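Comments concern the structure below.
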Amino acid sequence: MTSASVDESTRLAMYRDMVRARDFEQRAYDLFLEGVVQGTTHLGLGQEAVAAGFAAAMRPTDMTFCTYRGHNHTLLRGAPMPALMGELAGRKTGICGGKGGSMHLTDVPNHAMGSYAIVGAHLPIAVGAAWAGVLRGTDQVSVCFFGDGATNIGAFHEAVNLAAVWKVPVVFVCENNLYMEYTPIGDVIAVEHPAADRASAYGLESIIVDGNDVEAVHDIAVETIERARRGEGPSLVEAKTYRHKGHSRADPGKYRPDDEVAAWLERDPLTISRRRLEADGVAGDTIDAIEAESMIEVDSATEATRNAPPPDPATLMTEVWADGGSEWRN
Amino acid sequence: MTSASVDESTRLAMYRDMVRARDFEQRAYDLFLEGVVQGTTHLGLGQEAVAAGFAAAMRPTDMTFCTYRGHNHTLLRGAPMPALMGELAGRKTGICGGKGGSMHLTDVPNHAMGSYAIVGAHLPIAVGAAWAGVLRGTDQVSVCFFGDGATNIGAFHEAVNLAAVWKVPVVFVCENNLYMEYTPIGDVIAVEHPAADRASAYGLESIIVDGNDVEAVHDIAVETIERARRGEGPSLVEAKTYRHKGHSRADPGKYRPDDEVAAWLERDPLTISRRRLEADGVAGDTIDAIEAESMIEVDSATEATRNAPPPDPATLMTEVWADGGSEWRN
Amino acid sequence: MAELTYRAAVARGIAQEMERDPNVVLIGEDVAAAGGVFKTTEGLFERFGPNRVRDTPISEEAIIGAIMGAAMNGLRPIGELMFSDFLATCWDIVANQIAKTRYMTGGQVALPLVIRTANGGGNRFGGQHAQSVENWAMAVPGLKVVAPSTPSDVIGLMAAAVRDPNPVVFFEHKKLFAAKQEVPEGEIVDRLGAATIRNPGSDVTIVALAAMVSVAEEAAVVLAASGVSAEVIDLRTLVPLDTKTLLESVSRTGRLVTVEENPRLCGWGAEITSIVVEEGFWHLDAPIVRVTTPHIPLPAAAELEDLAIPSSEQVVAAVQRME
Amino acid sequence: MAELTYRAAVARGIAQEMERDPNVVLIGEDVAAAGGVFKTTEGLFERFGPNRVRDTPISEEAIIGAIMGAAMNGLRPIGELMFSDFLATCWDIVANQIAKTRYMTGGQVALPLVIRTANGGGNRFGGQHAQSVENWAMAVPGLKVVAPSTPSDVIGLMAAAVRDPNPVVFFEHKKLFAAKQEVPEGEIVDRLGAATIRNPGSDVTIVALAAMVSVAEEAAVVLAASGVSAEVIDLRTLVPLDTKTLLESVSRTGRLVTVEENPRLCGWGAEITSIVVEEGFWHLDAPIVRVTTPHIPLPAAAELEDLAIPSSEQVVAAVQRME
Ligand SMILES: Cc1ncc(C[n+]2csc(CCOP(=O)(O)OP(=O)(O)O)c2C)c(N)n1
Ligand SMILES: Cc1ncc(C[n+]2csc(CCOP(=O)(O)OP(=O)(O)O)c2C)c(N)n1
Ligand SMILES: [Mg+2]
Ligand SMILES: [Mg+2]
């Protein structure tokens, strides 16, 4: 089952990424229950392999666009964990200074070009950013993540079509976790695969990948990103996965059948990956060390966040405009 | 080539419809150049067979939704010609009292539920109207006409999906006349057929019909309307056709190759239909009489329009609200 | 009389109307079995079944387009937009189609429909899930605009909205969902276009809406302690606008403060100010002051969001600065 | 100096900036070979080629979303929406994304982009192709809003808009496309946020924008004949708003009339009225009067449309009624 094309160091790096994402989000959940994380939170627990497989296949200057369920994606592009956690907690140390919040994580230095809280809106934005890269000769690719539910909104259709016609270097990745908020995707589409069964409408190939198998994801990521970089246009990838928790906040996800949940927990991407690494002879110690380091990082980010002050009140009125201010009159 | 299923009286009625539409629009064009028709005008000259074929297959209570290029559709559902012409000319006699104008023809008594001037917006509206018919047990079907260009706007995607999932009795009819305003549809899609190649994205069958062959259109109309009425859900029909004139107003349509225009003029739906009727033994006199009557109707509508007064100024402030008025305060 | 939350009042108001009229239906994302993300539609699916209470895809244009079509063909549909920010995703259907169709068709088409949506800030959701956008709707001719501040108003105004033969945008304030009130059993039907004086007063008129009503009321209490008698008006509906109550109040008090959650520019506070200036100018003893959210997107962090949204302290200060 | 139409000024302004900066690009429906439906982009495709001047599908969300993304990644894109009414079809991208992204990212993302669009009535196009919606944009924090009234302003403000590091919504008025003016050769660069006094006066200040400027000017001529000296201010940009010029003028004249094409409620006239009331109250000698389109959708018929849109007669009457 191991992908021939993925070398061991990449596989370990992806495992590390998944562990870090997992630990970060578990902690975010605890901190939400504790009231430290504010507002809302949408966890990608269980979906880490999609983020890790793609992140590992991207160049540093490639751009990530994702949704409110974007902790994994932003973290794995290199965003500093304390700054992410600070943002969830509405602290001054937050990556957006506390102004964005859980649903709006952006880390431009690492080309994490934003989490977007309105379903589907970021797809055309990802297209435009990738197109700008072509015109400017930067060789960048955009990777744009969204949910199964997003395939029914108009912006999806407009963006994928435009990208296909202009042959824009963007990889659209649908993380099909089978549910929108509380309603199964199967209830609101007349096809089986919300993304893959729409690909042909844009002249694109239908691509489905096991989103819980990080190596399979990585393979498809390499293939579609390179295709994009060669100027052959966009791809639309449907990654089958599952969220371990509810949609947001403390949602227990009771609308999902127990056996379905159990079956997917069995297919936890971290378990799959760890088993495979072990089967391939990676020492248990190496893996344990990765896990221990991750926990240290998360603990330290937590500590930093707990100690961080709230945003400076003066920042309420900054950064509406490029001059740093918010004045609309003279 | 004659459809077995269409009897002679229907074929004659459809021919009459096409002639009336043709004459009406030729006149509208002349009146536009003369300054009697105001604002703008989008002619369906050359596309009459789509309107006629569907209109003939609809029950009186079935609902038509169309675009700014909607003269044909509205007329052929039974809207009185003087009231249509009055509307184009902004007269008191206009079907909307002059408030709608050329792009907004509505005739509720005849279930012509509106021409819509914003590309794609009417598709979800048509879905909702048809759905209401199901809930109320009225046995109505909605037929919703739109252009090739409309297949790239988000509302198209949302509406067709919703209709497919809810199995709503609506027939979506794409009049593919190869152009948007001045740009060929082929430039802005990555598939060959803007509608038919998208049908599978909604679990629908791909249906293409010769939109200049009124009998072929009628056949597909009967089939899809009955399918809808049986509760088997929507269809998406792509009718290949061509507009004889430019997009709107006095646009000469110079962006289209001469030979393309010539080839399509050869395939004028009226010529095709008349030839076929003659070949099938319909007397030339019968056909001539239809044409003469049509011209009389158009002349009389023109006369009425020329003599009609402008709207009563008081109507400026009426019919914002259901109480007939426009008051927003007490 | 039972204590009812604003949240439960939404479901009760809808149920009352669905019970009465079989043509009333409700569609939206997760409104059926899940009972809505804010639990405002709980129990309706169980009671009225899948034909009348329906989940939709995430397709706001289709949702609102569908209720428009349904209203054209005999239903009195209610469409839910989870967050009022999402009005932007179907603004064409709302502003260009629904609002204008009756007029453009010369009165041929009636659109008795209600767009319900969760409006307003205070939940630390950030700039795309916290906006107050009732001014967007007010700026578009052809829409009625309702924004109740109490559970009992929710029921009565919901009934009025559903029964109204015109399109109504009904703003439920997220910050009020947990608010409670004793509400009598039985049918409650209110009317659109009538403001309520929540606190009579004689020195200054404070006009507010939705979550800002309690902010104004708190301010009135503080002002009373310093000898200023503030009249608090809850507008309840923006269209129709109860200018009579407003102008009458200002004619007595000579002073006006508007308190709105919208960002500053072109809000309903500006509209009311302009009306009062044009028609009640000679009654005014001092400049009208608008208390608003600053003209900024809403920040997520608690400390910043609380600073952004008008507070009773700001209202008190505004009144004290007058003159 | 050559005579230039407003229409041609649009193309000249864009060309000037495309020439200067290779990162300036233009996309929209039929903007390339066809030169735009209003012929405002004629010659640009031939001059700058298909990479920089591009036709799009009819996909307004994709057009405006794409320019947002392009601006995030180093371009200074211009996106055309054929009619300003179509802002509604991509309002989420405009109001929720473009306007808020800089703030929500704590300043990480700059969006130097221009949304150009044909605004306003007078062409008998009916309610969905004739609206004046500059107030929609003004109501959303994070957008600059420009609406020139003359060919030379078109060029200078286009340059300012393209060079501005913030998102700008640039309203071109359909009724002005044929308007002509002598315009000097060479680069023209103006700045955003500076109103212009088109006609100095001392008795009343009339504030207008875009097509309403000439309406105000005509009114001033009529008023002058009856001995009333009207100062006409062309706002030119709504955000930033030149409140200095405005307040200074009212402090001299003591009277204010706003003339706007928007429907009545929550327009920029209300905003300006409120600012002047709050900050210039004691200078006012009479109530401020707003002349607006009534709060109705726009009708298509010539006679009705002409009645709906403010006329110089209405402005004159408003001034004469004051006091
Ligand atoms: C336009 C819009 N409609 C509705 C919502 C509310 N909402 C937030 S997440 C969500 C479900 C999205 O489902 P999916 O696309 O499958 O992504 P997932 O949450 O499963 O990752 C909904 C309906 C929204 N944010 N934006
Ligand atoms: C949302 C929207 N975008 C753009 C326009 C301007 N417009 C009017 S008609 C048209 C072309 C439509 O082409 P198509 O759908 O093929 O219909 P046709 O005119 O060919 O019948 C365009 C771009 C519009 N009315 N609405
Ligand atoms: Mg999902
Ligand atoms: Mg076409």
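Protein chains in written order, with our numbering: chain A, 46 to 375; chain B, 46 to 375; chain C, -7 to 315; chain D, -7 to 315. Yeah, the Cβ is synthetic: ideal placement off N, Cα and C, and Gly gets one too. Note that the structure is a prediction, hence the values are computed from the model and not measured.
Cut-off 6 Å between Cβ atoms - residues of its own chain near Pro356/A, not counting five sequence neighbours on either side = Lys137, Gly142 and Gly143
query = Cβ of Tyr300/B versus every heavy atom of ligand 4: is any distance shorter than 7 Å?
reply = no
request  = Out of Ser251/B, Asp368/B and Asn197/B, point me to the one whose CA is closest to Ile230/B's CA.
outcome  = Asn197/B
task = Excluding the 5 residues preceding and the 5 following Arg272/A in the sequence, name in chain order all residues of the same chain whose CB lies nearer than 7 Å to its CB.
result = Ser280
ask   = Using a Cβ-Cβ cut-off of 7 Å (strictly less than) and excluding sequence neighbours within five positions of Pro127/A, which residues of its own chain qualify?
value = Thr138, Ala346, Ala349 and Thr350
Chain A within 8 Å of Met96/D, Cβ atoms only = yes
ask   = How many Å lie between Met46/B and Met60/C at the Cα?
value = Only weak support exists for where Met46/B lies, its pLDDT of 47 falling under 50; the coordinates are left without a value.
ask   = How is Gln173/D classed by DSSP in three states: helix, strand or coil?
value = strand
inquiry  = Is Arg116/C close to chain A? Criterion is C-beta to C-beta, closer than 8 Å.
reply    = yes
inquiry  = On the criterion of 16 or more Cβ atoms from any shown chain inside 10 Å, does Asp184/A qualify as buried, or is it exposed?
reply    = exposed
ask   = On the three-state DSSP scale, how would you describe Gly71/D?
value = strand
message = Per DSSP, what are the beta-bridge partners of Ala337/B in this structure?
response = Paired residues: none, contrary to the question.
ask   = Rounded C-beta distance between Val249/C and Val281/C? I'm assuming under 8 Å.
value = 5 Å
key: Below 6 Å from a heavy atom of ligand 3 - residues by beta-carbon   = Gly192/A, Asp193/A, Gly194/A, Asn222/A, Tyr224/A and Met225/A
key: Per DSSP, the bridge partner or partners of Leu233/C   = Arg374/B
Within-8 Å CB hit, Thr48/D to chain A = yes
query = For ligand 1, is there a heavy atom less than 7 Å away from the beta-carbon of His118/A?
reply = no
Between the CA atoms of Asn206/A and Val259/A - distance to the nearest angstrom = 28 Å
key: Inter-residue Cα distance where the pair is Ala187/C and Ala266/A   = 59 Å
task = Check Cys82/C in the structure and name its three-state DSSP category.
result = helix
ask   = Beta carbon of Ile198/B: closer than 7 Å to some heavy atom of ligand 4?
value = no
key: Range covered by the beta strand (DSSP E) that runs through Thr(-3)/C   = Ala(-6) to Thr(-3)
key: Complete runs of the beta strand (DSSP E) confined to the segment 238 to 294 of chain C [at least 3 residues]   = 248 to 255 and 281 to 285
key: Contact with chain A by Ala7/C, beta-carbon distance below 8 Å   = no
request  = Quick one: list the residues of chain C neighbouring Arg282/D, beta-carbon separation under 8 Å, in chain order.
outcome  = Ser266 and Glu270
Lys236/D classed as buried or exposed, judged by whether at least 16 other C-beta atoms fall within 10 angstroms = exposed
task = Taking Thr151/B as the query, report the chain C residues whose CB atoms sit under 9 Å from its CB, ordered along the chain.
result = Thr93, Met96, Thr97, Gly98, Gln100 and Val101
key: Proximity to Glu53/D [Cα-Cα], best of Ile301/D, Asp84/D, Gly246/D and Ala211/D   = Asp84/D
inquiry  = To be precise: take each residue of the segment 336 to 362 of chain A, compare its Cβ to all Cβ atoms of chain B, and keep it if any distance is under 8 Å. Which residues remain?
reply    = none
Same chain only: Cβ atoms within 6 Å of Asn15/C, ignoring 5 sequence neighbours per side = Leu67 and Arg68
task = For Phe78/C, verify whether its CB is less than 7 Å away from any heavy atom of ligand 1.
result = yes
inquiry  = Below 7 Å on C-beta distance, what does Ile288/D contact in chain C?
reply    = Tyr95 and Pro133
message = If distances are taken between C-alpha atoms only, which option among Ala139/D, Pro104/D and Thr285/D comes closest to Leu168/D?
response = Ala139/D
message = Please tell me whether, using a cut-off of 7 Å, the distance from the CB of Ile230/B to the nearest non-hydrogen atom of ligand 4 is below it.
response = yes
inquiry  = Check whether chain A comes within 8 Å of Glu21/C, counting only Cβ atoms and requiring the distance to be less than that.
reply    = yes
ask   = Does Ile253/A have its Cβ less than 8 Å from a Cβ in chain B?
value = no
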